[in-house]
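Report on the following structure.
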Amino acid sequence: MIKRSLGLQLNIVFSIVVVVTSLFFVITIKRTFYNITLEQDRYQQREFFEQIYDMYLKDTLHKDPIPTNEYNGHIVIMKTGNVIDRILFDGNGMLTESEAIQKAEAMFGSIYNYAYQEINDGLHYIGRSINQGSVIILTFTDGRHQAISNANISNRMLWGFTAIMILGNIFIMLWSNLLVERIKILKTDVLQLTKKHYNHKIKIDGDDEVSDLAKSIENMRLEILKNETEKQEMLQNVSHDFKTPIAVIRSYAEAVRDGISDPIDLNVVIKQTEILSNKVKQLLELNKLEYLKKQETFVDVNIKNLITQIVNLHKFQNIKFELDLDEGSYYGTSENLYIAFSNIIDNALRYAKSVIRITFKNKKLTIFNDGEPVDPNYLDNAFKPYQKGPKGESGLGLHIVYKTLSHFNLSVQIVNEKQGVSFIIEPSL
Numbered sequence: 105m106i107k108r109s110l111g112l113q114l115n116i117v118f119s120i121v122v123v124v125t126s127l128f129f130v131i132t133i134k135r136t137f138y139n140i141t142l143e144q145d146r147y148q149q150r151e152f153f154e155q156i157y158d159m160y161l162k163d164t165l166h167k168d169p170i171p172t173n174e175y176n177g178h179i180v181i182m183k184t185g186n187v188i189d190r191i192l193f194d195g196n197g198m199l200t201e202s203e204a205i206q207k208a209e210a211m212f213g214s215i216y217n218y219a220y221q222e223i224n225d226g227l228h229y230i231g232r233s234i235n236q237g238s239v240i241i242l243t244f245t246d247g248r249h250q251a252i253s254n255a256n257i258s259n260r261m262l263w264g265f266t267a268i269m270i271l272g273n274i275f276i277m278l279w280s281n282l283l284v285e286r287i288k289i290l291k292t293d294v295l296q297l298t299k300k301h302y303n304h305k306i307k308i309d310g311d312d313e314v315s316d317l318a319k320s321i322e323n324m325r326l327e328i329l330k331n332e333t334e335k336q337e338m339l340q341n342v343s344h345d346f347k348t349p350i351a352v353i354r355s356y357a358e359a360v361r362d363g364i365s366d367p368i369d370l371n372v373v374i375k376q377t378e379i380l381s382n383k384v385k386q387l388l389e390l391n392k393l394e395y396l397k398k399q400e401t402f403v404d405v406n407i408k409n410l411i412t413q414i415v416n417l418h419k420f421q422n423i424k425f426e427l428d429l430d431e432g433s434y435y436g437t438s439e440n441l442y443i444a445f446s447n448i449i450d451n452a453l454r455y456a457k458s459v460i461r462i463t464f465k466n467k468k469l470t471i472f473n474d475g476e477p478v479d480p481n482y483l484d485n486a487f488k489p490y491q492k493g494p495k496g497e498s499g500l501g502l503h504i505v506y507k508t509l510s511h512f513n514l515s516v517q518i519v520n521e522k523q524g525v526s527f528i529i530e531p532s533l
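Below, the structure written as structure tokens:
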């Protein structure tokens, strides 16, 4: 396929539109112009006839210059056949004298007023008999005046459409060059993204689709930069979190190997492997959220049933659960909502003194615990990865909650109450 620049494509399209429009315009108004020029031709012939007629009445045909031109001729002839005066198309030979006399004689007795007729050979004439029919004045025109008028109009239209095409193409070429230049700048900026230069700001001035596209790409860049920053921070935190348990396991393993450790110390190793297993599990859950984007798998999940399942796993602890749940639902996946709500309830169990109260009314889910209020400085960062509270574990639980609920267009916030802390979940606006 031949590659053509955007400017050339626009010029080609514009030229085709102008040509097609011009042809349609010419075909449409051709008949109108024909009628207009025909009326002009008749008018100039009538003017010529009036001048000849007036000169005959004043008996100045042989005294004053005869008004003639290349389009009209005339003959003044008596019924006896004597020619009083004649000019036959200014000597162009369009009508011979004998033909003019023959035409005039044929009209005696039939013309008493103005008459406009077309003769078989294409000539037009105006004739009038005077002096009781003894003299007839006959003027001729062969239609060249109309043809020239049509040609003049056609030429003006041709030049007009040519000027429109030339000026239009120049304008489009200049405009397309500016447009293409802006697109090239945008292309260069996007290439920076492919090279992971996420700090390169994308900005295109204007208020059109190109600038809107640039703004969308800039928003995408900021989102990518944010995700990359989070990934880098997470990688550092994961490395740090894994480093301590692995070091402990290694030191105890070496002690066992060297025979200087009591077998009971293996419980420490088992505890550290459980810690590692839990961290790996949460990392896997977090990674799975990146693929939780196909809404074809979403269903209406009954929240009452889901919360009841989670609470039943903790009913033998020394914390009282108070439930007030309607039959409402959230649109998402049961598995992921189960994990998110489990993380919130696990968090509440670590801080609650005696009661956890869960209510779900009109799509609003509130999970309250009567523990100590949350540090206001922590509230702003609670859902970021590896942000741990006083009794936090991995620092990923609430981040998983936030990411999961965001996928299902749900918002979550932590609110300090007078006698505890509430997690409030509801559909995003």
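Take the position in the sequence shown, starting the count at 1, then add 104; the result is the number in this note's numbering. Backbone N, C-alpha and C define an ideal beta-carbon position, used for all residues, glycine too.
Look up residue i in the DSSP assignment and say whether it is helix, strand or coil.
| i | result |
| --- | --- |
| V505 | helix |
| D128 | Position check: residue 128 holds Phe in this sequence, whereas Asp was assumed. Correct three-state label for F128: helix. |
| V478 | coil |
| F420 | coil |
| I350 | helix |
| I529 | strand |
| Y434 | strand |
| V122 | helix |
| N224 | Any answer about N224 is weak, because its pLDDT of 47 lies below 50 and its placement is not dependable; what the coordinates show is given next. Coil. |
| F445 | helix |
| K465 | strand |
| E334 | helix |
| E53 | As displayed, the chain neither begins before 105 nor continues past 533, which places residue 53 out of reach and without an answer. |
| I179 | strand |
| D246 | coil |
| Y302 | coil |
| E174 | coil |
| N513 | coil |
| D450 | helix |
Hey, would you say residue i sits closer than 9 Å to residue j, going by beta carbons?
| i | j | result |
| --- | --- | --- |
| N422 | V478 | no |
| K457 | G436 | no |
| I240 | K183 | yes |
| R248 | Y175 | yes |
| I257 | F137 | yes |
| T141 | Q250 | yes |
| L502 | N440 | no |
| L297 | I321 | yes |
| I528 | K468 | yes |
What do you get for residue i, buried or exposed, if any count of 16 or more other CB atoms within 10 angstroms of its CB means buried?
| i | result |
| --- | --- |
| I371 | The sequence given here has Asn at residue 371, not Ile. Under this definition N371 is an exposed residue. |
| M324 | exposed |
| Q517 | exposed |
| G185 | exposed |
| Q340 | exposed |
| Y229 | buried |
| T245 | buried |
| V373 | buried |
| E431 | exposed |
| V525 | buried |
| A357 | exposed |
| G177 | buried |
| A255 | exposed |
In chain order, what residues of the same chain lie with their CB nearer than 7 Å to the CB of residue i, ignoring the 5 residues before and after it?
| i | result |
| --- | --- |
| I308 | R286, I289, L290, V314, S315, A318 |
| D428 | T463 |
| R150 | I230 |
| T401 | T437 |
Who are the Cβ neighbours of residue i in its own chain at under 8 Å, not counting the five residues just before and after it?
| i | result |
| --- | --- |
| A444 | I504, V505, T508, L509 |
| I414 | Y442, F445, S446, I449 |
Residues in the same chain with beta-carbon distance under 6 Å from residue i, minus the five sequence neighbours each way, listed in chain order, please.
| i | result |
| --- | --- |
| N406 | S433 |
| L242 | I179, A208, Y229, G231 |
| T470 | T463, S526, I528 |
Are the segment 451-462 and the segment 508-515 touching by the rule of at least three beta carbon pairs closer than 8 Å? no
Flag this pair as touching only if the segment 251-262 and the segment 281-292 have three or more C-beta atom pairs under 8 Å; answer yes or no. no
Take every Cβ of the segment 266-282, pair it with every Cβ of the segment 113-121, and state whether three or more of those distances are shorter than 8 Å. yes
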